[in-house]
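S.K.: Right, I'll just put the structure down here and ask away after.
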Amino acid sequence: MQKICLLLITCCCVLAAHAQKNGIIKGTVSDTAKKQPVPSATITLLQKKDSSLVSFTMTDNKGAFELTGLAAGEYRLLITHVNYHSTSRPVTISASAPNSNLNNIVLHDLSRTLNEVEVTAEAPPVTLVGDTIQYNAGSFKTQPNASVEALLKKLPGVKVDKDGTVKAQGEKVNRVLVDGKEFFGTDPKIATKNLPADAVDKVQVYDRLSDAAQLTGFDDGNSEKTINLKLKQDKKKGLFGKAMAGAGTNDRYEGRFNMNSFKGARQFSAIGMANNTNAEGFSFMDLMDFTGELNRMRQSGNGNVNLTLNADDPMTALIGNGNSNGIKTVRGGGLNYNNMIGTKTDFTSNYFYNSYNPYQESNVQRQYFLPDSSYFYNQHAVSDNLNNSHRLNLSADIRIDSFHSIKISPSFGYQETRNNSYNSYETFSEDKQLANQGFSNNATEGHGANFRNELLFRKKFHRKGRTLSLNLQTSFNNSESDGSLLSVNHFYNNSASYDSINQHNTVSGSLNSYNVRAVYTEPIFKRSLLEFSLSRSNTNSTSEKITYDYNKLNGKFDQLNEDLTNNFENSYGYTNAGLRLRTQQKKFSLAAGLNWQRAALEGKVIAGTTDSVISKTFYNLLPSLRFKYDFTRYRHLNIDYAAITNQPNMSQLQPVPDISDPLNIREGNPDLKQEFTHAVQLHFVSVNPFKNKNLFGFFNLQETQNKIVNYDVLDSLGIKHTRPVNVNGVYNMTGNINLGLPLRILKGTINCSSNMGYSKTKQFINAVQNNINTFTLGPSLRLDLNPSDEIDLSLSGGFNYYKTSYSLQSALNTTYFSQQYEGEFNWQLPAQFYFNTSFTYTINSQRASGFNASVPLWNASFSRQFLHFNRGELKLSVYDLLNQNVGISRTSNQNYIEDSRIKNLQRFFQLSFTYSLNKNGLSAGKKVGGMRMIGG
0 MQKICLLLIT CCCVLAAHAQ KNGIIKGTVS DTAKKQPVPS ATITLLQKKD
50 SSLVSFTMTD NKGAFELTGL AAGEYRLLIT HVNYHSTSRP VTISASAPNS
100 NLNNIVLHDL SRTLNEVEVT AEAPPVTLVG DTIQYNAGSF KTQPNASVEA
150 LLKKLPGVKV DKDGTVKAQG EKVNRVLVDG KEFFGTDPKI ATKNLPADAV
200 DKVQVYDRLS DAAQLTGFDD GNSEKTINLK LKQDKKKGLF GKAMAGAGTN
250 DRYEGRFNMN SFKGARQFSA IGMANNTNAE GFSFMDLMDF TGELNRMRQS
300 GNGNVNLTLN ADDPMTALIG NGNSNGIKTV RGGGLNYNNM IGTKTDFTSN
350 YFYNSYNPYQ ESNVQRQYFL PDSSYFYNQH AVSDNLNNSH RLNLSADIRI
400 DSFHSIKISP SFGYQETRNN SYNSYETFSE DKQLANQGFS NNATEGHGAN
450 FRNELLFRKK FHRKGRTLSL NLQTSFNNSE SDGSLLSVNH FYNNSASYDS
500 INQHNTVSGS LNSYNVRAVY TEPIFKRSLL EFSLSRSNTN STSEKITYDY
550 NKLNGKFDQL NEDLTNNFEN SYGYTNAGLR LRTQQKKFSL AAGLNWQRAA
600 LEGKVIAGTT DSVISKTFYN LLPSLRFKYD FTRYRHLNID YAAITNQPNM
650 SQLQPVPDIS DPLNIREGNP DLKQEFTHAV QLHFVSVNPF KNKNLFGFFN
700 LQETQNKIVN YDVLDSLGIK HTRPVNVNGV YNMTGNINLG LPLRILKGTI
750 NCSSNMGYSK TKQFINAVQN NINTFTLGPS LRLDLNPSDE IDLSLSGGFN
800 YYKTSYSLQS ALNTTYFSQQ YEGEFNWQLP AQFYFNTSFT YTINSQRASG
850 FNASVPLWNA SFSRQFLHFN RGELKLSVYD LLNQNVGISR TSNQNYIEDS
900 RIKNLQRFFQ LSFTYSLNKN GLSAGKKVGG MRMIGG
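For the sequence shown, numbering that gives the first Met the number 0 gives the first residue as 0, with consecutive numbering after it.
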């Protein structure tokens, strides 16, 4: 009875609140010159007493607008358009007169002088300038000391994920510019996480045309969502930025700073950070990712190539782990300098230093499948890695004249690594009888250097659309490392046996590559053109590994182990020739092409006394299609098709056993074929950035022929032998849908979303095929509320459902759930005090014993601004207040089910001080909206 009464009271309160906010303002806007409706005019409703923002919308194609859900009060309606002088109207909403009709509001053309018309020079919260959506940063409130990321979260149509990824109008933002220039390269997170929100005047969101489209003047459909941050004028004089330092319990510390000096075309910035609190810093942890450099070169030129290096290759041995679990110590810093040299050279440069030290301790439990039984594997692992890297990036874009330009982009890098890992493990039969147990201790130290350069020449002809571009990319890499391995294993079969490894090894390698590409475009109709391309790429790599066993007689490592001593040389090259038709019509664009490709992989492997020569040549015809239909400016459908090849790497081809892990022996297969994938993507976007309504849909389907999968054989000692083979009938489907709507009563938004996935793959165990089907479903709901100027509240909840079936043993089919509920509360208190708290509750169920933990994570902070101009902020924070943080995950799409539990950073308290480097201080205590009438 009490619950029913409480529900009735709540409903009455909601209805009463709704009744108090049922005011409506509607009207039409037209111009004086042509007496025509004015579409896309911004309608902003402000409180009359202080000009604070209440709501806003935009006129439709008939010049009409409507604002609903308004409380009684006195308002001022601001009407703006980029091509007209602004104007305003007083509006009153009362209980007796809740509706207000403002028909035929007249806007005066900019060609008329200011003395002739009544002008209101104010900035509306959102305007449309051509195809660019422009947000006035001052109309959106952020907390003190906030970064640009916090500002973006407030903008209608813009979303920031937990990992910092920014999406605008449903598309991922790949580039964030500052006054039109790159900020520390192309990584958006460096700008969004380090620049202060109070430095930004305008946020512009638009689709940046690809370099090829900018050259030809024809949109090729390869545009990328871009955000440009226009800084306030006073930030372009002198220095601005902030610095923070904090210390906490359990020896935790955190510090960061950013300093910026912008003047005209000159931009200078310095950033730095250090912490052992897992705080996100710079997202350039893998600056020396040699594999990434190589793939960038191989994939350029529309070659549709995806080649992965051997994980044991020395080039990939230097790459760190991007896992978010564990405990990390990070230090880093960087400098960014951009300027115009003369009138024709746009110069950009940046330097980074990064030290990344992740520590991870985990427990893993697996159940492996056999045709008629199963077995169990348990592992305890500890890893402690250190990665120090330096990178210098330079670029000069030189405009020779209006028809010719050249761009030079060299990059230098150096990296040092130290990796240590310890693993203890044991294997049990299905009846829990011990089959083997052991441990391994692995340590490596290495260093590597990298140089990359790109040269791009562009030529425009007098006829629009006729262009020629020549591109040359080169890369030079080398690395060296020393390692040691100590491993002891006991086998329990009919009779106990013992095996041990104690060895040192040295690995050295190099990788050199080039890619040259020529593209010529020729217009054939008013809105169409043909593109001809020709490219050639080649990569040569060498690696030498020398292994010595421990000599018990003299206590030295001087016994050559021929089985684990090898060297290989390989080259991979491809030649591409392509033809593509591109057309851009009023409502749709189309790009259809066909690419001929010849790819050759050659290698020589010497392992002990065995030589292996690999030679593979692949020929392909790779079609591609991209279609985009624009229903309206903010509603479109994209359909993409591509044929993609993936070549087997050297480790998958070489028929030489790798026995560095005595319990998991791998051997290549020289008869492997290349993978060939058909990929189809559908992407639907419908947004109203002014009413904060959006609908996004994404669907992806892939079918792979000759998929490379593992063929496992388990012997009587529990040793697994793995060999790659090709299979057909591998599918992968993923989908996502998101609906966002405003909640005017609660001054917020609601987002409903769901992801879905289905995959079908195959594995082999003891000569028996195992078909693995996996289905996933993940609906979620999120509320973002701003009930007052002092309070921000967000609530979200969702679950993920997983179901995996196995043809090998249907009794082992698995179903499990993961639920997550989150809440965040920000409260601006009197006297410049601020309170923030967030709570995440994760529930894991239907997993192995010991892995069904429910994890509550509660963080909170209390801060106050002080000093002149509120330049200082003192904050007390607590992380994981309940001391329950742990990382739990499950994997079920292989020949096993794996549950993992990782030790994470747990409770600590921290006191920090932040100081603003500019005279305006942290500038969040001022009244938001702040618009004042200048005229009229």
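We put the CB at the ideal spot given by N, CA and C, even for glycine. Everything numeric in this text was worked out from a predicted model, so none of it was measured.
Residues in its own chain within less than 7 Å of F907 by CB, not counting five upstream and five downstream?
M.R.: Translated into positions along the sequence shown, residue 907 becomes position 908. G247, T248, N249, R251, Y878, listed in sequence order.
S.K.: In terms of DSSP beta bridges, what is I718 paired with?
M.R.: To locate residue 718, count along the sequence shown from 1; it is residue 719. According to DSSP, I718 bridges with nothing at all.
S.K.: Are Q388 and F351 close, meaning C-beta to C-beta below 9 Å?
M.R.: Translated into the one-based positions of the sequence shown, residue 388 becomes position 389. Translated into the one-based positions of the sequence shown, residue 351 becomes position 352. Before going further, note that residue 388 is Ser rather than Gln in the sequence given. Closer than 9 Å, so yes.
S.K.: How would you call T538, buried or exposed, if buried means at least 16 neighbouring beta carbons within 10 angstroms?
M.R.: In the sequence shown, residue 538 corresponds to position 539, counting from 1. With 16 or more Cβ atoms within 10 Å of its Cβ, T538 is classed as buried.
S.K.: Using a threshold of 9 Å, state whether the C-beta atoms of D396 and G445 are closer than that.
M.R.: The count along the sequence shown starts at 1 and reaches residue 396 at position 397. The count along the sequence shown starts at 1 and reaches residue 445 at position 446. Not a contact, by the Cβ cut-off of 9 Å.
S.K.: Can you name the start and end residues of the alpha helix (DSSP H) that L652 belongs to?
M.R.: Residue 652 sits at position 653 when you count from the first residue of the sequence shown. Looking at the DSSP string, the run of the alpha helix (DSSP H) that includes L652 is 649 to 652.
S.K.: Return the chain-ordered list of same chain residues with a C-beta closer than 6 Å to the C-beta of H720, the five sequence neighbours on each side being excluded.
M.R.: Translated into positions along the sequence shown, residue 720 becomes position 721. Closer than 6 Å at Cβ, skipping near neighbours: I664, V712.
S.K.: Measure the CB-CB distance between F824 and S837 and report whether it falls below 9 Å.
M.R.: Reading the sequence shown from its first residue, position 825 is the one you call residue 824. Reading the sequence shown from its first residue, position 838 is the one you call residue 837. Against a cut-off of 9 Å, the Cβ pair of S837 and F824 comes out as a contact.
S.K.: Do I901 and G886 have their C-beta atoms closer together than 9 Å?
M.R.: Here residue 901 is taken as the residue at index 902 of the sequence shown, counted from 1. Here residue 886 is taken as the residue at index 887 of the sequence shown, counted from 1. Against a cut-off of 9 Å, the Cβ pair of G886 and I901 comes out as a contact.
S.K.: Just the C-alpha distance for K690 and G240, rounded to the nearest angstrom, thanks.
M.R.: Position 691 of the sequence shown, counted from the first residue, corresponds to residue 690. Position 241 of the sequence shown, counted from the first residue, corresponds to residue 240. Their backbone Cα atoms lie some 33 Å apart in a straight line.
S.K.: When the Cα atoms are used, what is the spatial distance from K459 to K158?
M.R.: Residue numbering aside, residue 459 sits at position 460 when the sequence shown is read from its first letter. Residue numbering aside, residue 158 sits at position 159 when the sequence shown is read from its first letter. Those two C-alpha atoms are separated by around 38 Å.
S.K.: Taking just the CA atoms, how far does Y205 sit from W826?
M.R.: Counted from its first residue, the sequence shown places residue 826 at position 827. Counted from its first residue, the sequence shown places residue 205 at position 206. Straight-line Cα distance between these residues: approximately 33 Å.
S.K.: In chain order, which beta strand (DSSP E) runs of at least 3 residues are fully inside the segment 460 to 539?
M.R.: For the segment 460 to 539, whole beta strand (DSSP E) runs of length 3 or above, ordered along the chain, are 466 to 491, 495 to 524.
S.K.: Pull up the distance between the alpha-carbon of T41 and that of S268, whole angstroms please.
M.R.: Residue 41 sits at position 42 when you count from the first residue of the sequence shown. Residue 268 sits at position 269 when you count from the first residue of the sequence shown. Each residue's alpha carbon lies about 35 Å from the other.
S.K.: N60: which of N337, S39, A380 sits nearest, CA to CA?
M.R.: As a working mapping, residue 60 is identified with position 61 in the sequence shown. When only C-alpha atoms are compared, the closest one is S39.
S.K.: For S809, which three-state DSSP category applies?
M.R.: Looking up residue 809 in the sequence shown gives position 810. In the structure shown, S809 sits in a helix (DSSP, three-state: H, G or I).
S.K.: Report back the beta-carbon spacing between L77 and T43 to the nearest angstrom; my notes put them in contact at under 8 Å.
M.R.: Position 78 of the sequence shown holds residue 77. Position 44 of the sequence shown holds residue 43. About 4 Å separates the two Cβ atoms, so the contact holds.
S.K.: Just curious, the beta strand (DSSP E) that V381 is in, first and last residue?
M.R.: As a working note, residue 381 is residue 382 in the sequence shown. Taken as a continuous stretch (DSSP letters only), the beta strand (DSSP E) holding V381 covers 373 to 398.
S.K.: When DSSP builds the beta bridges, which residues end up paired with R889?
M.R.: Numbered from its first residue, the sequence shown carries residue 889 at position 890. Looking at the DSSP assignment, R889 forms a beta bridge with D898.
S.K.: Over the uninterrupted beta strand (DSSP E) stretch that includes K188, give me the two end residues.
M.R.: Position 189 of the sequence shown, counted from the first residue, corresponds to residue 188. Segment 187 to 193 is the alpha helix (DSSP H) holding K188; no beta strand (DSSP E) there.
S.K.: Give me, in chain order, the residues of the same chain whose beta-carbon lies closer than 7 Å to that of N894; leave out the 5 immediate sequence neighbours on both sides.
M.R.: In the sequence shown, counting from the first residue as 1, residue 894 sits at position 895. Here the set comprises Y367, F368, D711, Q762, I764, N769.
S.K.: So what does Q266 bridge to, in DSSP terms?
M.R.: Indexing the sequence shown from 1 puts residue 266 at position 267. Paired residues: F261, N337.
S.K.: Name, in chain order, the residues that DSSP records as bridge partners for H446.
M.R.: Working through the sequence shown from its first residue, we reach residue 446 at position 447. Paired residue(s): E415, E479.
S.K.: Between I613 and M649, what straight-line distance do the alpha-carbon atoms span, to the nearest angstrom?
M.R.: The sequence position of residue 613 within the sequence shown is 614, counting from 1. The sequence position of residue 649 within the sequence shown is 650, counting from 1. About 8 Å.
S.K.: So, helix, strand or coil for K47, using DSSP?
M.R.: Position 48 of the sequence shown, counted from the start, is the residue given in the question as residue 47. Of the three classes helix, strand and coil, the one that applies to K47 here is coil, per DSSP.
S.K.: Quick one: what's got a C-beta closer than 6 Å to Y640's C-beta in the same chain, skipping five residues either side?
M.R.: The residue labelled residue 640 in the question sits at position 641 within the sequence shown. Here the set comprises L624, V679.
S.K.: Inspect the CB distances between the segment 365 to 384 and the segment 397 to 411 and report whether three or more fall short of 8 Å.
M.R.: Output reads no: the segment 397 to 411 does not touch the segment 365 to 384.
S.K.: Please state the DSSP three-state secondary structure of S915.
M.R.: The count along the sequence shown starts at 1 and reaches residue 915 at position 916. Here S915 sits in strand by DSSP.
S.K.: Helix, strand or coil: which one does DSSP assign to G179?
M.R.: Translated into the one-based positions of the sequence shown, residue 179 becomes position 180. G179: coil per DSSP, three-state reduction.
S.K.: So, at 6 Å on beta carbons, what are the nonlocal neighbours of A380 in its own chain, with the 5 sequence-adjacent residues on each side left out?
M.R.: If you number the sequence shown from 1, residue 380 lands on position 381. Closer than 6 Å at Cβ, skipping near neighbours: S361, N422.
S.K.: Rounded to whole angstroms, what is the Cα-Cα separation between R174 and S499?
M.R.: The sequence position of residue 174 within the sequence shown is 175, counting from 1. The sequence position of residue 499 within the sequence shown is 500, counting from 1. For R174 and S499, the distance between alpha carbons rounds to 52 Å.
S.K.: So what's K229 in DSSP terms, helix, strand or just coil?
M.R.: As a first step, residue 229 must be located in the sequence shown, where it is residue number 230. Looking at K229 - three-state DSSP - the assignment turns out to be strand.
S.K.: Exposed or buried, what is F567 when buried is set at 16 or more other beta-carbons lying within 10 Å of its beta-carbon?
M.R.: Taking the sequence shown and counting its residues from 1, one reaches residue 567 at position 568. Buried is the call here.
S.K.: Along the alpha helix (DSSP H) that carries K152, what are the first and last residues, could you check?
M.R.: On the sequence shown, residue 152 is found 153 positions in, with the first residue counted as 1. It spans 147 to 152 - the alpha helix (DSSP H) in which K152 sits, taken as one unbroken run.
S.K.: What residues in its chain sit with their C-beta under 6 Å from that of A442, if we drop five residues either side in the sequence?
M.R.: In the sequence shown, counting from the first residue as 1, residue 442 sits at position 443. Only N419, S483 meet the Cβ criterion.
S.K.: Check the C-beta distance from L454 over to L467 and give it rounded, since I have them as a contact under 8 Å.
M.R.: What you label residue 454 is simply residue 455 of the sequence shown in a count that begins at 1. What you label residue 467 is simply residue 468 of the sequence shown in a count that begins at 1. About 15 Å separates the two Cβ atoms, so there is no contact after all.
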